[in-house]
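And the structure:
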């Protein structure tokens, strides 16, 4: 069975500072990993994904994520946070070869303050 | 182009009533998913449709829940005899076909269901 853990319910960061939102996963095979963002009263928006290749993946709005196979992690990062980045972030995993469901973490609320 | 649309955006119903939630996927997307998002919890997978294949119903929480997809496009999620614990936001997503596992899912805005 596949699973995702987001150990932090909330991350607080000042605008202009770097941010990291943590994600670890568990699958029996190789993973496909995704990050989504949810703004208030809106659906989830795709940010980025890791399929294969370079461990550092760049996505929308200046976000990036680093795949670390040995630590089974896929942390989301941004060099300089903006107040407008404040939202709920979800990490998700799917095992390669299965086109079925994504398994999501419980989400991390990012709060960026001035 | 148009994204995934869902209707209604909000639904308030009384315990014991049946409800139908509708999802219009992105045109050309053959895969369609339903998830449930409850307060303080992540997204819970409900059901997955891929083309003409039999749906993966492994996430449906009880036999009160059912879904169908007509003509490979629009999908309806039906909850019979609603209970208060069914209150949640129901999200629909679609993705392109082909090497499906690599494709990201595109989500609709959701239907907020409140069971009184």
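Protein chains in written order, with the numbering used here: chain W, 7 to 120; chain F, 240 to 355.
A virtual CB, placed ideally from N, CA and C, is assigned to each residue, including glycine.
Can you check whether the CB of residue j is closer than 8 Å to the CB of residue i?
i                      : j                      : result
residue 120 of chain W : residue 99 of chain W  : no
residue 329 of chain F : residue 261 of chain F : no
residue 106 of chain W : residue 263 of chain F : no
residue 251 of chain F : residue 347 of chain F : no
residue 116 of chain W : residue 91 of chain W  : yes
residue 38 of chain W  : residue 78 of chain W  : no
Pull up the distance between the alpha-carbon of residue i and that of residue j, whole angstroms please.
i                      : j                      : result
residue 97 of chain W  : residue 53 of chain W  : 10 Å
residue 309 of chain F : residue 66 of chain W  : 34 Å
residue 84 of chain W  : residue 282 of chain F : 24 Å
residue 356 of chain F : residue 270 of chain F : One cannot answer for residue 356 of chain F here, as it falls past the ends of chain F, which runs 240 to 355.
residue 112 of chain W : residue 61 of chain W  : 24 Å
residue 118 of chain W : residue 18 of chain W  : 6 Å
residue 12 of chain W  : residue 334 of chain F : 24 Å
residue 325 of chain F : residue 354 of chain F : 7 Å
residue 300 of chain F : residue 69 of chain W  : 35 Å
List, in chain order, every chain F residue whose beta-carbon is nearer than 7 Å to that of residue i.
i                      : result
residue 55 of chain W  : 343
residue 106 of chain W : 287, 295
residue 110 of chain W : 281, 282
residue 48 of chain W  : 348
residue 69 of chain W  : Residues of chain F passing the Cβ test: none, with the nearest at roughly 14 Å.
List, in chain order, every chain W residue whose beta-carbon is nearer than 8 Å to that of residue i.
i                      : result
residue 298 of chain F : 107
How would you list, in chain order, the residues of chain F whose beta-carbon sits under 9 Å from the beta-carbon of residue i?
i                     : result
residue 52 of chain W : 343, 344, 345, 346
residue 96 of chain W : 281, 282
Whose Cβ in chain W lies nearer than 9 Å to the Cβ of residue i?
i                      : result
residue 272 of chain F : 106, 107, 108
Whose Cβ in chain F lies nearer than 8 Å to the Cβ of residue i?
i                      : result
residue 59 of chain W  : The premise fails here: residue 59 of chain W is roughly 12 Å from chain F at the closest Cβ pair, so nothing lies under 8 Å.
residue 113 of chain W : 281
Does any heavy atom of the ligand ZN sit closer than 7 Å to the C-beta of residue i?
i                      : result
residue 287 of chain F : Ligands are entirely absent from the displayed structure, and the ligand ZN is therefore not among its contents.
Three or more beta-carbon pairs under 8 Å between the segment 56–76 of chain W and the segment 254–272 of chain F, yes or no? no
Under 9 Å, CB to CB, which of the residues in the segment 254–268 of chain F have a partner in chain W? none
Give, in chain order, every residue of the segment 303–333 of chain F whose Cβ lies closer than 7 Å to some Cβ of chain W. 330
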